[in-house]
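Numbering (our numbering), first residue to last: 1398 to 1793.
Every residue gets a Cβ at the ideal spot worked out from N, C-alpha and C, and that includes glycine.
Some notes on the structure that comes next.
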Amino acid sequence: MSISHERHSIATRALLLAFTTAVILLNTRVLGASGQGEVAWIQVGILVVTGVSGFLAGGAVVYLQKEIPLRAMLIPGHSWLVASAALGTWAGISTGFLPAEHFGAMAGLGWLQGVIIFHGQLLLADHRIRKHNVLQVMQGGLLLAGLLMAFFGMDNHSIGAFVGALAGSLGLTAALSIFWASKLPTVDTAHSPMEVVRKLWKFGRSAQTGALLQMLTNRSNLSILAQSSAGLAASGVYSIAYYGLEAMWLVPRALAPLVYTRTAAEEDRSIRMNATQKALGKALLGTAALLVVAVLIPDTWFAWAFGFDGIQPVVRALAPAALFGAAASIMAHHLSGIGKHHWNAATSGLGLVTLLALAQEWTPESGAVGAAWAASVAAAVQCAGLLIAWWRCERV
């Protein structure tokens, strides 16, 4: 991948960050801490659906680009997207992890988000990096526009207004992704759908198990807090701090897909290691620069911006997770690029077990701050595991 691709990815990530920040400010000011907590819980449901859909319609398509024509993956992938929307939502509600009253919204929006992710991965595999980036930033911009219209143009200050705006943004972005996916190269050789499914499952199960476990590690605190004595308000406070953490991952999240694509295509070990080490350095420096700013912001400033206090202590408790998470993202994508997806699953599982054990212990007494410290310890455990795996898999 060229330097221009890196710059474009970082620039679009920065624009997406600006849109996301504006959306969060609108939500907290209009819906309050509890409303933001409920929105965050709905978004966890969407992520559960996309986590399930990724087993056949996720990042494995990039790794399999050398074996299966991209267009041959469309029918199996879309069939699984429909099934996973119902399956993922049902599983989340049945276990008490997700709110039952938002079943339809989570299933439908999760399906649309899954379509966008699937087509984005196909575009990455076809080396159309800029189109992949546009899909990401487009849905953020459209969501912001939809919320402005609903909250101020229609004077609709409800959770339903957010759901409607999100549906509109995802629907339009999915439509564009369908148009771009229709331009994929035609299939020269016949591949039976079952053959494609077997290969997608073979490589997707390990990669997506890791991604799903990672998502649960990142988001379980929202569900734990929402169902605790602290309630949706504590979940809302934590979500603001965690979105701040994700903002610090601007550089690593922009570089990670490029690391994956570049590593999957490069057979020379020294070249791919050198490229990933450079990306890792950039990711850590970029995260550290934003982290320093975030931890120095007084809580009164956060309260002025979002309408409630208590955010800064959570941000500081998440500071270690910011650095460990940045490094983990780059190493995980490198390992996926060389087909070692199972390491991502194993280390993500360790992180999730660590989080659940510590969050259940610390959250009742310390609330959102305790949940944040649990997340930081979990991130350290996962990062250490990935570092060991990276060294073992790429040593001479």
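Boundaries (first-last residue) of the alpha helix (DSSP H) holding residue i
| i | result |
| --- | --- |
| Arg-1602 | 1590-1623 |
| Pro-1717 | 1716-1734 |
| Ala-1662 | 1647-1662 |
| Thr-1684 | 1666-1693 |
| Leu-1532 | 1526-1545 |
| Gly-1561 | 1556-1578 |
| Phe-1703 | 1696-1703 |
Where residue i sits in the DSSP three-state scheme
| i | result |
| --- | --- |
| Leu-1495 | coil |
| Trp-1508 | helix |
| Ala-1776 | helix |
| Ala-1627 | coil |
| Glu-1464 | coil |
| Leu-1484 | helix |
| Asp-1523 | coil |
| Ala-1587 | coil |
| Met-1503 | helix |
| Met-1470 | helix |
| Val-1793 | Note on Val-1793: pLDDT 48, under 50, position unreliable in the model; no value is reported. |
| Ala-1408 | helix |
| Gly-1550 | helix |
| Gly-1641 | helix |
| Pro-1761 | helix |
| Gly-1707 | coil |
| Leu-1423 | helix |
| Gly-1456 | coil |
| Leu-1749 | helix |
| Leu-1413 | helix |
| Leu-1581 | coil |
Residue of the options minimising C-alpha distance to residue i
| i | options | result |
| --- | --- | --- |
| Val-1531 | Ala-1768, Ala-1700, Ala-1571 | Ala-1571 |
| Leu-1715 | Gly-1746, Leu-1753, Phe-1452, Ala-1775 | Ala-1775 |
| Ser-1431 | Leu-1693, Thr-1673, Gly-1607, Ala-1623 | Ala-1623 |
| Gln-1757 | Leu-1784, Ile-1708, Ile-1621 | Ile-1621 |
| Ala-1415 | Val-1436, Leu-1506, Asn-1553, Gln-1533 | Gln-1533 |
| Gln-1779 | Lys-1463, Gly-1507, Val-1750 | Val-1750 |
| Lys-1596 | Ala-1627, Ala-1457, Ser-1476 | Ala-1457 |
| Arg-1525 | Ile-1556, Leu-1444, Asn-1424, Leu-1655 | Leu-1655 |
| Trp-1598 | Gly-1474, Leu-1428, Trp-1787 | Gly-1474 |
| Phe-1548 | Thr-1425, Ser-1589, Leu-1444 | Thr-1425 |
| Gly-1734 | Phe-1600, Gln-1536, Gly-1764 | Phe-1600 |
| Gly-1678 | Leu-1652, Asp-1665, Leu-1688 | Leu-1652 |
| Val-1449 | Trp-1487, Ile-1465, Glu-1403 | Trp-1487 |
| Ser-1726 | Trp-1787, Arg-1792, Leu-1687, Glu-1435 | Trp-1787 |
| Val-1512 | Leu-1422, Ala-1558, Gly-1451 | Gly-1451 |
| Gln-1518 | Pro-1496, Ser-1401, Thr-1447, Met-1546 | Thr-1447 |
| Ser-1667 | Gly-1628, Ala-1558, Glu-1791 | Glu-1791 |
| Met-1591 | Ser-1476, Ser-1625, Thr-1606 | Ser-1476 |
| Pro-1710 | Gly-1746, Arg-1669, Leu-1642, Ala-1777 | Leu-1642 |
| Phe-1559 | Gln-1510, Lys-1675, Leu-1423 | Leu-1423 |
| His-1738 | Gln-1605, Arg-1669, Gly-1722 | Gln-1605 |
| Val-1619 | Gly-1607, Tyr-1639, Val-1712 | Inspection of the sequence shows that residue 1619 is occupied by Leu rather than by Val. If we check each option's Cα against that of Leu-1619, Tyr-1639 comes out closest. |
| Leu-1752 | Gln-1674, Gln-1611, Leu-1563 | Gln-1611 |
| Leu-1545 | Leu-1461, Ile-1637, Val-1420 | Val-1420 |
| Leu-1687 | Ser-1574, Ala-1702, Val-1712, Lys-1675 | Val-1712 |
| Met-1670 | Asn-1741, Met-1551, Leu-1732 | Leu-1732 |
| Thr-1409 | Ser-1566, His-1529, Ala-1562 | His-1529 |
| Leu-1573 | Gln-1536, Gly-1550, Trp-1701 | Gln-1536 |
Proximity test, residue i beta-carbon vs the ligand ADP heavy atom, cut-off 7 Å
| i | result |
| --- | --- |
| Gly-1543 | Questions concerning the ligand ADP fall outside what the structure shown contains, since it holds no ligand whatsoever. |
Query raised in the report: Between the region 1676-1683 and the region 1637-1651, are three or more C-beta pairs nearer than 8 Å?
Result: yes
**Report entry** Stretch pair the region 1660-1671 + the region 1701-1713: three plus CB contacts closer than 8 Å
**Finding:** no
Query raised in the report: Taking three-plus beta-carbon pairs below 8 Å as touching, is the region 1466-1486 in contact with the region 1629-1641?
Result: no
Query raised in the report: Would the region 1572-1583 and the region 1718-1727 be scored as touching if the rule is three or more Cβ pairs under 8 Å?
Result: no
Query raised in the report: Is there contact here, the region 1533-1550 with the region 1484-1500, by at least three beta-carbon pairs under 8 Å?
Result: no
Report task. Could you say if the region 1755-1773 and the region 1686-1696 meet the contact criterion of at least three C-beta pairs nearer than 8 Å? Result -> no
Query - Segment contact flag, the region 1431-1443 with the region 1503-1520, C-beta cutoff 8 Å, min 3 pairs - result: yes
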